[in-house]
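Notes follow the structure.
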Amino acid sequence: MIQAPKGTFDVLPEDAARREVLESHVRRILGGAGYGRIETPTVEATELFARGVGEATDIVRKEMYTFDDGGGRSLTLRPEGTAPVCRAYLEHGMHKLPQPVKLWYLSSFFRAEAPQRGRYRQFWQVGAEVIGSAVPETDAELIVLLAELLGALGARGTRLLISSLGTPETRAEYREELTAYLHRHEERLATEVTSRIDLNPMRAFDSSDPQTREVMCGAPLLLDRLASDDAEHFAAVRALLDDAGIAYELDPTLVRGLDYYTRTVFEFSSDALGAQSGLGGGGRYDRLIEQLDGPPTPGCGWAAGIERMLMIAGEQPVAPQLTDLYVGMHGRSGARTAFALAREARRAGLQAQLELAGRSLKGQLRHADRIGARYVALVGDGPSAPVSLRDMASGDELETAFQNVIPTILRGSRLS
RNA sequence: GUGGGCGUAGCUCAGCUGGUAGAGCUCCUGGUUGUGGUCCAGGCGGUCGGGGGUUCGAGUCCCCUCGCUCACCCCA
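Counting from 7, one number per residue, gives the positions in the first sequence under this note's numbering.
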């Protein structure tokens, strides 16, 4: 039997309803803050991610679905949303719009990883990006909006970690300092850490190896090396979060998996998620647009995983689908008339369903009962034959003419 | 990519030390020559994830493979 590809899944109606509730929260919260929706293509030029996300990242090195489009172009199924949004910002000259440009998206992304609970090869993210603003209010607003979304979902036990990465220059200097420190203590580090010292030394902070952790306790911290304006920016973001009553923990070792971040970085997580504890996160990316050959343009944003948010979301009130009218028939000879009645009912604004399974009369009533139909109309042989209209709640039933069925239901009067 | 657990009807599962498949739920039909929610009866539905091997005989043992799952890793 053909199955959905490894790490992918079908969204069935019941699950789709929960997703729609989530999306409605997104629309209300982000729309209410003036963010407009953007959707970019599922595939992009591979170079966009190589340059935007960074060649050294795991994402680019081993997690991208890359293929030749048949015309000699290398395309990649998007592994994240920020680089594509920045590409679109440049391609459409959005720098001419009033700044900043505030965007959100809800799309699926692709990464070739080993599937796990909360981690899929095709997964969905909601993201928000603010391009063209460098002020700390932007960073804080984005964090507040994500916190609000999680709150609206009834997510419990979430934690917010924040830090600042400073500028690429500060990072470069710090990186040398850290690399030198790591090399000095190389013999005490885990092999998977030593092998990455020159590639991505910051990863050493994430190691779970006890010896390595000991070494890292004495390691220099980037947060202590920030330039004064970066430190000021970070302090301002923190002050705004404090004002907003957003609780957070300072995590000087917070490292995100994408290379484009500068200054503020943050992440919401939940222990209820198991190993894949990250709910969503993001940060400032003041050099990314330049990296993509655009003019110097600051940016800030986040992305959050739909599947993970749904895992920790409280019970969302999903409105049950109501059926005003179920159109059945006394026999197959009434099918044509029933078809016409269902059509007219829908045109009149009723939620109407037609018997489509060739059920017996008993089966039709049983089915109508199960789907919660308020009324059942049983048509006879032809439009001139009387229609039995039954109120399912009371059991009352009357015989009436075809053309009286819909007006009777619209009046909502009890049948007797 | 590495390691552990699992994989029997649409769903939840039972099948003892190998003898050629079961239950409950769901769905459909009937129980009133046409009318639901309870109850009763019956029916549809499985090449026991797939392939190979051992055996007179394998869902049950062995190997390979696919998938799910948990962890490492990474991240959303």
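Ideal Cβ placement from N, Cα and C applies to all residues, glycine included.
Considering only the alpha carbon of each residue, which of G337, G280, F272 and D235 lies closest to E147?
F272
Three-state secondary structure assigned by DSSP to S422:
Model confidence at S422 stands at a pLDDT of 48, short of 50, so the residue's coordinates are unreliable and nothing is read from them.
State buried or exposed for G355, treating a residue as buried only when at least 16 other CB atoms are found within 10 Å of its CB.
exposed
Exposed or buried, L166, counting other C-beta atoms within 10 Å across all chains shown (16 or more means buried)?
buried
Backbone secondary structure at I35 - three-state DSSP:
helix
Under 6 angstroms from any heavy atom of the ligand MG, does the C-beta of D16 make it?
Ligands displayed in this structure: none; no statement on the ligand MG is therefore possible.
Euclidean distance between Cα positions of D265 and R57
9 angstroms
Nearest-angstrom Cβ-Cβ length linking V136 and G305, presumed shorter than 8 angstroms:
7 angstroms
Measure the C-alpha to C-alpha separation of E403 and V411 and round it to an integer number of angstroms.
12 angstroms
Count the other C-beta atoms from every protein chain shown that fall within 10 angstroms of the C-beta of I377, then say buried if there are 16 or more, exposed otherwise.
exposed
Quick one: what's R125 bridged to in DSSP?
Q122
Please report the distance separating the alpha-carbon of R269 from that of G289.
7 angstroms
Please identify the residue among K68, R67, S113 and E20 whose C-alpha is closest to the C-alpha of A309.
S113
Does the Cβ-Cβ distance between V91 and L109 come in under 7 angstroms?
yes
Who are the Cβ neighbours of F116 in its own chain at under 7 angstroms, not counting the five residues just before and after it?
Y71, L83, R84, P85, R127 and Q128
Would you check if the distance between the CB atom of L416 and the CB atom of Y381 is smaller than 7 angstroms?
no
Since Y111 sits in a beta bridge, which residues does DSSP pair it with?
G133
If you count every other CB in all the chains shown that lies within 10 Å of the CB of H98, and 16 or more means buried, which is it?
exposed
Test item: CB-CB of L256 and A134 under 7 angstroms:
no
Whose C-alpha, out of Q122, A391 and G287, is nearest the C-alpha of L347?
A391
Below 8 angstroms CB to CB, which residues in the same chain sit around M222 once its five sequence neighbours on both sides are set aside?
A210, F211, S213 and T259
Which parts of the stretch 189–268 are runs of the alpha helix (DSSP H), unbroken and 4 residues or longer, counting only runs that do not cross its ends?
197–200, 216–223 and 234–249
Could I get the ranges of all uninterrupted alpha helix (DSSP H) runs contained in the stretch 8–67, with 4 residues as the minimum, in chain order?
19–37 and 52–58
Which of the three DSSP states is assigned to M335 in this structure?
strand
According to DSSP, S394 sits in a beta bridge with which residue or residues?
L384 and E405
Report the start-end ranges of each alpha helix (DSSP H) in the stretch 268–302 that is 4 residues or longer and not cut off at the edges.
294–297
Do the CB positions of A118 and L205 come within less than 7 angstroms of each other?
no
Taking all protein chains shown into account, decide if A236 is buried (16 or more other Cβ within 10 angstroms of its Cβ) or exposed.
One detail in the question is off: residue 236 reads as Asp in this sequence, not Ala. Its Cβ being crowded by 16 or more others within 10 Å, D236 is buried.
Measuring alpha carbon to alpha carbon, tell me which of V141, T164 and L156 ends up nearest G280.
T164
8 angstroms Cβ shell around L298 - same chain, five flanking residues per side excluded
L54, R57, G58, A89, C92, R93 and L96
Start-to-end residues for the beta strand (DSSP E) that takes in D145
Here D145 belongs to no beta strand (DSSP E); instead the alpha helix (DSSP H) covers P142 to A158.
Kindly confirm or deny that the stretch 353–367 and the stretch 311–321 touch, where touching means at least three C-beta pairs closer than 8 angstroms.
no
Might you give, ordered along the chain, the residues of its own chain that have their beta carbon closer than 6 angstroms to the beta carbon of L246, omitting 5 neighbours on each side?
A146
On the three-state DSSP scale, how would you describe R162?
coil
Counting beta carbon pairs with one atom in the stretch 337–347 and one in the stretch 182–200, are three or more of them shorter than 8 angstroms?
no
How far does the alpha helix (DSSP H) with Q327 in it reach, from first residue to last?
Here Q327 belongs to no alpha helix (DSSP H), and DSSP marks it neither H nor E.
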